[in-house]
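Q: Before anything else, here's the structure in question.
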């Protein structure tokens, strides 16, 4: 008996060919994925890295057919290693909790595919069904919660949009002696230029952060931050807007050269997660083992 091809287990991406005038599958893929050159696609076909719905390698000259289902493998030429190591804090039938170090992306994006927390955990745990339930950006360290079971995934995913999970962060930034804490900062965040930077604009609030002071150390303070909403870079933008950008932030308040300096990580840590388990009603609490040094 032949085992059906499982793209998740093979870590393959799937595409259904859109409507268009192309003569061959190769022509369609070249036009649909404009960031990948024709030479790269020819190389992938030659190495058997483009498959049909049954998992069989195909040729680029195969005639195009609308709706054809294909599997392909994302690749980054000469993907550089990221010399940091994640830690697994908890595993059960439904959840995996990992401590992500600074500089490691959670999911494949841009120049990173294999050097991501998701791909590392899939290989390490041999579980192709892992899916992150939320994300923290590459520069931030700390807790990331993964669903390990497709059958219970929806129950845990709903914790986030329904705001039934308490997320606590720590950040180190300049002292703000003239600001009254604790405080609540609300604003409207939208994508700016370059596209990956967020900025505050006039209009109805779509982001909210609660902030307090945890520790004072001369010109630097340790802040406790609790995001009510989950906008991209929310804590980084809000701290910069308050007048104290987080230490070593390459994006805010000014965009700096984004060459990774492992000696100067962003001083932002996803420190804890607390929620009521939607399946058992049990109180769940996870805390990072990582620390932000002064």
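Numbering (UniProt numbering), first residue to last: 1 to 294.
Even for Gly, the Cβ is constructed at its ideal location relative to N, Cα and C.
Small disclaimer: the values here were computed from a predicted structure and weren't measured.
1) Quick one: using the 10 Å Cβ neighbour count with 16 as the cut-off for buried, is residue 33 buried or exposed?
2) So, with DSSP's three-state summary, where would you put residue 129?
3) In the DSSP assignment, find the unbroken beta strand (DSSP E) run with residue 87 in it and report its ends.
4) Quick check on DSSP: helix, strand or coil for residue 68?
5) Does residue 285 pass the burial test, meaning 16 or more other C-beta atoms within 10 Å, or should it be called exposed?
6) Can you check which of these residues, 203, 128, 145, 112, is closest to residue 136 by C-alpha distance?
7) So, do the stretch 47-56 and the stretch 77-84 have three or more beta carbon pairs nearer to each other than 8 Å?
8) What are the boundary residues of the alpha helix (DSSP H) that includes residue 113?
9) Going by Cα to Cα distance, which pick from 148, 160, 261, 211 is closest to residue 171?
10) Could you pull out every unbroken beta strand (DSSP E) segment of at least 3 residues lying fully inside the stretch 160-205, listed in chain order?
11) From the DSSP secondary-structure annotation, give me the bridge partner or partners of residue 223.
12) Can you list, in chain order, the stretches of the beta strand (DSSP E) that have 3 or more residues and sit fully within the stretch 215-284?
13) At what residues does the alpha helix (DSSP H) containing residue 33 begin and finish?
14) Report the rounded CA-to-CA distance for residue 115 versus residue 178, giving the unit in angstroms.
15) Near residue 219, what residues of its chain come up, given a Cβ to Cβ distance below 8 Å and the 5 sequence neighbours on each side ignored?
16) Could you work out which residue in 39, 230, 206, 253 is closest to residue 161 when comparing CA atoms only?
17) Touch check for the stretch 105-125 and the stretch 138-158: three-plus C-beta pairs under 8 Å?
18) I'd like to check one pair, residue 208 with residue 228: are the Cβ atoms closer than 7 Å?
19) Given a threshold of 16 other Cβ atoms within 10 Å of its Cβ, counted over all protein chains shown, does residue 1 qualify as buried or as exposed?
20) Any idea what DSSP makes of residue 25, helix, strand or coil?
21) Would residue 12 pass as a contact of residue 71 if the rule is Cβ separation under 7 Å?
22) Identify every residue that forms a DSSP beta bridge with residue 109.
A: So, from the data block:
1) By the neighbour-count rule (16 or more Cβ atoms within 10 Å), residue 33 is not buried but exposed.
2) coil
3) 87-91
4) coil
5) exposed
6) 145
7) no
8) Premise fails: residue 113 is in no alpha helix (DSSP H) and is neither H nor E.
9) The candidate whose alpha carbon is nearest that of residue 171 is 211.
10) 165-174, 183-191, 198-201
11) 171, 213
12) 220-227, 268-276
13) Here residue 33 belongs to no alpha helix (DSSP H), and DSSP marks it neither H nor E.
14) The straight-line gap from Cα to Cα measures roughly 42 Å.
15) 174, 175
16) 230
17) yes
18) yes
19) With a pLDDT of 46 at residue 1, under the threshold of 50, the modelled position of that residue is not reliable, and the figure given next carries that caveat. By the C-beta density criterion, residue 1 is exposed, having fewer than 16 other C-beta atoms within 10 angstroms.
20) Helix.
21) yes
22) 112
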